[in-house]
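J.:
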Amino acid sequence: MEYNFREIEKKWQKRWVEEKTYQVTEDDSKQKFYVLNMFPYPSGAGLHVGHPLGYIASDIYARYKRLQGFNVLNPMGYDAYGLPAEQYAIQTGQHPAITTVNNIDRYREQLDKIGFSFDWNREIRTCDPEYYHWTQWAFQKMFNSYYCNDEQEARPIEELEKAFAIYGNEGLNAACSEDISFTAEEWNAKSEKEKQEILMNYRIAYLGETMVNWCAELGTVLANDEVVDGVSERGGFPVIQKKMRQWCLRVSAYAQRLLDGLDTIEWTDSLKETQRNWIGRSEGAEVQFKVKDSDLEFTIFTTRADTMFGVTFMVLAPESELVAQLTTPEQKAEVDAYLDRTKKRTERERIADRSVTGVFSGSYAINPFTGEAVPVWISDYVLAGYGTGAIMAVPAHDSRDYAFAKHFGLEIRPLVEGCDVSEESFDAKEGIVCNSPRLDVTPYCDLSLNGLTIKEAIETTKKYVKEHNLGRVKVNYRLRDAIFSRQRYWGEPFPVYYKDGMPYMIDEASLPLELPEVAKFLPTETGEPPLGHATKWAWDTVNKCVVENEKIDHVTVFPLELNTMPGFAGSSAYYLRYMDPHNHQALVDPKIDQYWKNVDLYVGGTEHATGHLIYSRFWNKFLYDMGVSVMEEPFQKLVNQGMIQGRSNFVYRIKDTNTFVSLNLKDQYEVTPIHVDVNIVSNDVLDLEAFKAWRPEYKTAKFILEDGKYVCGWAVEKMSKSMFNVVNPDMIVEKYGADTLRMYEMFLGPVEQSKPWDTNGIDGVHRFIRKFWSLFYSRTDEYLVTDEPATKEELKSLHKLIKKVTGDIEQFSYNTSISAFMICVNELFNLKCSKKEILEQLVITLAPFAPHVCEELWDVLGHETSVCDAQWPVYNEEYLKEDTINYTISFNGKARFNMEFAADEASDAIQAAVLADERSQKWIDGKTPKKIIVVPKKIVNVVI
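Numbering (the numbering used here), first residue to last: 1136 to 2079.
(1) Helix, strand or coil: which one does DSSP assign to Val1960?
(2) Look at the alpha carbon of Val1491 and the alpha carbon of Ala1500, and state the distance between them as a whole number of angstroms.
(3) DSSP on Leu1171, reduced to helix/strand/coil?
(4) Excluding sequence positions up to five away, which residues of its chain have a Cβ less than 8 angstroms from the Cβ of Tyr1242?
(5) Run the CB neighbour count on His1719, radius 10 Å, all protein chains shown included, and call it buried at 16 or more, exposed below.
(6) Output needed for Leu1798: all residues of its chain with C-beta closer than 6 angstroms, excluding positions within five of it in sequence on either side, in chain order.
(7) Please report the distance separating the alpha-carbon of Lys1772 from that of Gly1739.
(8) Let me know the alpha helix (DSSP H) ranges lying completely inside the segment 1399 to 1463, each 4 residues or longer, listed in chain order.
(9) Go through its chain and collect everything with a Cβ distance to Leu1697's Cβ below 7 angstroms, but skip five positions before and after it.
(10) Taking the alpha carbon of Pro1630 as the reference point, which residue from Met1778, Trp1269, Glu1327 has its own alpha carbon closest?
(11) Do Ala1592 and Leu1605 come within 8 angstroms of each other at the CB atom, strictly closer than that value?
(12) How do the segment 1678 to 1693 and the segment 1599 to 1613 stand: do at least 3 beta-carbon pairs fall below 8 angstroms, yes or no?
(13) For Tyr1871, which residues of its own chain have a beta-carbon under 7 angstroms away from its beta-carbon, when the five flanking residues on both sides are left out?
(14) Three-state secondary structure (DSSP) at Arg1260?
(15) Three or more C-beta pairs closer than 8 angstroms, one from the segment 1798 to 1814 and one from the segment 1826 to 1842: is that the case here?
(16) Any idea what DSSP makes of Arg1548, helix, strand or coil?
(17) What residue range does the alpha helix (DSSP H) around Ala2090 cover?
(18) Applying the 10 Å Cβ sphere with the 16-neighbour rule, what's the burial state of Met1854?
(19) Per the DSSP calculation, Asn1348 is bridged to which residue(s)?
(20) Mind checking whether Ala1310 and Arg1385 have CB atoms under 8 angstroms apart?
(21) Starting from the Cα of Pro1453, find the closest Cα among Asp1404, Ile1513, Ser1498, Gly1553 and give me that residue.
(22) Report the option in Gly1343, Arg1369, Leu1695, Leu1342 whose CA atom is closest to the CA atom of Thr1355.
(23) Taking the alpha carbon of Glu1768 as the reference point, which residue from Ile1779, Phe1984, Tyr1710 has its own alpha carbon closest?
(24) Would you list, in sequence order, the uninterrupted alpha helix (DSSP H) runs of no fewer than 4 residues that lie entirely inside the segment 1979 to 2026?
(25) What's the call for Tyr1918, buried or exposed, on a 16-neighbour Cβ count within 10 Å?
(26) Can you list, in chain order, the stretches of the beta strand (DSSP E) that have 3 or more residues and sit fully within the segment 1179 to 1264?
(27) Would you mind sorting Glu1991 into buried or exposed? The rule is 16 or more other CB atoms within 10 Å of its CB.
(28) How many Å lie between Tyr1302 and Asn1336 at the Cα?
(29) Under 8 angstroms Cβ to Cβ from His1743, same chain only, skipping five residues before and after it: list those, please.
(30) I think Arg1260 touches Gly1365, with their Cβ atoms under 8 angstroms apart; what is that distance to the nearest whole Å?
(31) Can you list, in chain order, the residues of its chain with a C-beta nearer than 6 angstroms to that of Ile1944? Leave out the 5 residues immediately preceding and following it.
(32) How many Å lie between Leu1650 and Val1517 at the Cα?
(33) Could you tell me the alpha carbon to alpha carbon distance between Ala1215 and Ser1620, rounded to whole angstroms?
(34) Under 8 angstroms Cβ to Cβ from Met1881, same chain only, skipping five residues before and after it: list those, please.
(35) So, using beta-carbon positions, are Leu1910 and Val1851 closer together than 8 angstroms?
(36) Bridge partners for Val1470 per DSSP, in chain order?
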């Protein structure tokens, strides 16, 4: 029977659906294993061959664990809210829901063709009200919670209300936006609105004034990763920094737990380090600086208070409220111009950019350790969200301060004996302190650090600051609270209405609050978000339902929130919903959550390190505090797949002609390289007729060929439509089959590395599968499999493979597994092996990689159940033992010939046999060997 992959793959994809092969339920008799992919955003372009890389890698592992007897959960769904569908709606008028459903249908069709073991019964879509019901529910829980620093957990906000009524906020240790103080009498005397404003200072989901990336053309706030070089990634529109009242999530409250949790999970060291740097824990002191000739004073945070004697200037973040207070009239025009320029740069760009810019405020601050008046500057290398948005600059011992001081001609004062700061700053982590204070000045305070080691100076200064009320010792984090508002239509609606300007939650029983219809998807003429176009978007608190806007009376009917939630809202707890996707009463049933616990293997890209992977960990820790999630960390093991890059092809047009010259002849002409569609190129040879038909301007093209062929040039680039190097997996599946595609993607290189797509090598993998098939069927369609016992050589070849592949799968070294499959099949083919005892185990071992052909052959072997339900073979070390060893025979260190010996042959017997061999006589040449060295199981060296 011929290997007809098209028929085989359609047959088994259909049967898997009919027999619900991949549907899974909780089973206490089996150990669970939860595999999850970062779910895709369904774009209009569909999948290219790079997209399935991670899905194939995780699918192989899921199938492998199932064969090992685990109860495997391997779900899939869609991150269905996003800006592209909304932009398409603005351009065409087509509702984003229609675009999204069409895109999902296309994705599903493509995914099904590749043969994944997804349990589609658990599919979720973030735009489905049944799903975002629980996103809204979690948001309400966050709104009604505060973070207790003493207990290190989220607690009900009602606890604060009760405490405030009795004690005020005296002794309260809770995460907050700003430090405030009030008594119980003051609290009880406040109005409802005033109390709500105070509570907003503590809520985990809160409204706050924050700097955002504002894109006027898109009419929305953008996340840092949606902005590139000051413009929006989508559309290339200008983006500025702007202060807006936004919904935020108090992620910063969980900073230490997010850090601590990294020690409990199996992620790569580089990814953990990325998150540690993003969270940015630092221990230091907050110190007060008074402004010269003013009653104003401000606080700075420093990790090195011991360097206060080296402060020669201060720097404010452009967004700091102090800028307006400290800018003198003489400097205002210059400062305003600088602020206008910095609005166009995101924080991420400012961190990455090392160029020096700044402007003098006109004011001076008094150094509390030296009494000196130091100038206060403004520069975008200081960020408002870290510390207090103001820093003391010690240019001798900080590289950015040093660059700033050099650029603007400011003093650089060294504080470590013998350090040279003439060319660069000195990293003051070790050494003896000097100039603290300088010996040539009258001391301003009674602290001297001179002669101390750096370590001693740090502790001495912290103690001095605390004892003299100059500030307080503090732990600081770089991690910001997450901005949670977007001025878009296509996103989750907030379950919030406004009464007297303050937000209130709609009743939990009324969830989900569904996205309304709007006439336009653009912001309103008055600048409101697109939901401002909704005519039925008001909340009736009596009837607990959405009603027309005209019924708003601010008594029982109130306006609803016009912003929507950001993209990460729907992806932050989706792993929990996959466990129990059809539950209408809860996000997840506690018993089901107790069974699946968390994700055992999560596969996705490194680009999510400081976005999704921070937010989802925070979200899950909050749900853990609520008793909803049984595990504090959502993703136990994480594997980052690399990117499949495009392999572009080029044709070379002779200048001012429509003639194209082949690659190796192009240097004889003046040519222009032009990208050509890789789908009309095979092994770098251009299909001339297809090229002429590709675009109208090439219809009359002429060619200068080499050896009768047009050879194209090539380069590795990002896979992109503009470079015509996008390879559609459907085309590969149609031409070679899904099993070939799956194996070839893994064969390209290690899963975690980026590598170029090169169709030139795919034929080899396809030939391998055909050769594998030929172990079962002859060219004349004769069924070859027999029940004869396996030979020692056949068992050795099989068990060598099983050992190799088992180890490789655990390490995600799939590329070397596929090489091992090729070697094994070649060995069995050469041995003319057709033993069922061997082939059955071979089919099971290959099944995770090539499930369609293995299902077919498993069926042919007489099994009535799926190969998925077979048992993963265990290698037997006995079969791997060598009966004989091939020794290299050397004379004076030079290899001359080889000899076979029994594996357990004694050294004396080996020596005697070597000397007796007639080939040895030529090299001994009648001399007496000085000694014979036998390296067991490797080499014999005769020294003459």
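C-beta: ideal position from N, C-alpha, C; glycine also.
T.: Straight from the coordinates:
(1) In the sequence shown, residue 1960 corresponds to position 825, counting from 1. In the structure shown, Val1960 sits in a helix (DSSP, three-state: H, G or I).
(2) The residue you call residue 1491 lines up with position 356 of the sequence shown. The residue you call residue 1500 lines up with position 365 of the sequence shown. C-alpha separation (whole angstroms): 22 angstroms.
(3) As a working note, residue 1171 is residue 36 in the sequence shown. In the structure shown, the three-state DSSP call for Leu1171 is strand.
(4) Here residue 1242 refers to the residue found at position 107 of the sequence shown. Closer than 8 angstroms at the Cβ level, and outside the excluded window around Tyr1242, lie Pro1175, Pro1177, Gly1181, Leu1182, Tyr1213.
(5) Taking the first residue of the sequence shown as 1, we reach residue 1719 at position 584. Counting Cβ neighbours within 10 Å, His1719 comes out exposed, since fewer than 16 surround it.
(6) Counting from 1 along the sequence shown, the entry for residue 1798 is found at position 663. Within the same chain, Val1846, Gly1848 come within 6 angstroms of Leu1798 by CB-CB distance, once the 5 residues on both sides are set aside.
(7) Counting from one through the sequence shown, the residue named residue 1772 turns up at place 637. Counting from one through the sequence shown, the residue named residue 1739 turns up at place 604. Taking the straight line from one Cα to the other gives about 11 angstroms.
(8) Complete alpha helix (DSSP H) runs here, min 4: 1404 to 1414, 1457 to 1461.
(9) Position 562 of the sequence shown holds residue 1697. Exclusion of the five residues before and after Leu1697 leaves Glu1663, Pro1664, Leu1666, Gly1667 as the residues of its chain whose Cβ lies within less than 7 angstroms of its Cβ.
(10) Within the sequence shown, the letter at position 495 stands for residue 1630. Distance check between Pro1630 and each of Met1778, Trp1269, Glu1327 places Trp1269 closest, using alpha-carbon atoms only.
(11) For the purposes of this step, residue 1605 is taken as residue 470 along the sequence shown, with counting starting at 1. For the purposes of this step, residue 1592 is taken as residue 457 along the sequence shown, with counting starting at 1. Their beta carbons are not under 8 angstroms apart, which means Leu1605 does not touch Ala1592 by this criterion.
(12) Cβ pair count under 8 angstroms is below three, so no.
(13) The sequence position of residue 1871 within the sequence shown is 736, counting from 1. Once the five neighbours on either side are set aside, the close Cβ partners of Tyr1871 are Ile1897, His1901.
(14) Translated into positions along the sequence shown, residue 1260 becomes position 125. Arg1260: strand per DSSP, three-state reduction.
(15) Segments in contact, yes.
(16) Position 413 of the sequence shown, counted from the start, is the residue given in the question as residue 1548. Here Arg1548 sits in coil by DSSP.
(17) Summary: the structure shown does not reach residue 2090, with the chain confined to residues 1136 through 2079, and so no result is reported for it.
(18) Here residue 1854 refers to the residue found at position 719 of the sequence shown. Only buried fits Met1854, as 16 or more other CB atoms lie within 10 angstroms of its CB.
(19) Position 213 of the sequence shown, counting from 1, holds the residue named residue 1348. DSSP output for Asn1348 lists Leu1357, Gln1376 as bridge partner(s).
(20) On the sequence shown, residue 1310 is found 175 positions in, with the first residue counted as 1. On the sequence shown, residue 1385 is found 250 positions in, with the first residue counted as 1. Contact flag set, yes.
(21) Here residue 1453 is taken as the residue at index 318 of the sequence shown, counted from 1. When each option's Cα is compared against that of Pro1453, the closest is Ile1513.
(22) For the purposes of this step, residue 1355 is taken as residue 220 along the sequence shown, with counting starting at 1. The option with the nearest alpha carbon to Thr1355 is Arg1369.
(23) If you number the sequence shown from 1, residue 1768 lands on position 633. The candidate whose alpha carbon is nearest that of Glu1768 is Tyr1710.
(24) 1986 to 1995, 2012 to 2015, all fully within the segment 1979 to 2026.
(25) Along the sequence shown, read from residue 1 onward, the residue named residue 1918 stands at position 783. By the 10 Å Cβ count, Tyr1918 comes out exposed.
(26) With a minimum length of 3 residues, the continuous beta strand (DSSP E) runs that stay inside the segment 1179 to 1264 are 1206 to 1208.
(27) Position 856 of the sequence shown holds residue 1991. Flag for Glu1991 reads buried.
(28) Position 167 of the sequence shown, counting from 1, holds the residue named residue 1302. Position 201 of the sequence shown, counting from 1, holds the residue named residue 1336. One C-alpha to the other measures close to 17 angstroms.
(29) For the purposes of this step, residue 1743 is identified with residue 608 of the sequence shown, where counting begins at 1. Hits under 8 angstroms: Met1173.
(30) The residue you call residue 1260 lines up with position 125 of the sequence shown. The residue you call residue 1365 lines up with position 230 of the sequence shown. Incorrect: roughly 34 angstroms between the Cβ atoms, too far for contact.
(31) To locate residue 1944, count along the sequence shown from 1; it is residue 809. Closer than 6 angstroms at Cβ, skipping near neighbours: Tyr1199.
(32) Position 515 of the sequence shown holds residue 1650. Position 382 of the sequence shown holds residue 1517. Straight-line Cα distance between these residues: approximately 40 angstroms.
(33) Residue mapping note: residue 1215 aligns to position 80 of the sequence shown, counting from 1. Residue mapping note: residue 1620 aligns to position 485 of the sequence shown, counting from 1. Answer to the nearest angstrom: the Cα atoms are 17 angstroms apart.
(34) Mapped onto the sequence shown, residue 1881 falls at position 746. Cβ neighbours of Met1881 beyond the five flanking positions: Ile1191, Ala1192, Ile1195, Tyr1949, Asn1950, Ser1952, Ile1953, Phe1984.
(35) For the purposes of this step, residue 1910 is taken as residue 775 along the sequence shown, with counting starting at 1. For the purposes of this step, residue 1851 is taken as residue 716 along the sequence shown, with counting starting at 1. No, Cβ-Cβ distance for Leu1910 and Val1851 is not below 8 angstroms.
(36) The residue you call residue 1470 lines up with position 335 of the sequence shown. DSSP output for Val1470 lists no bridge partner at all.
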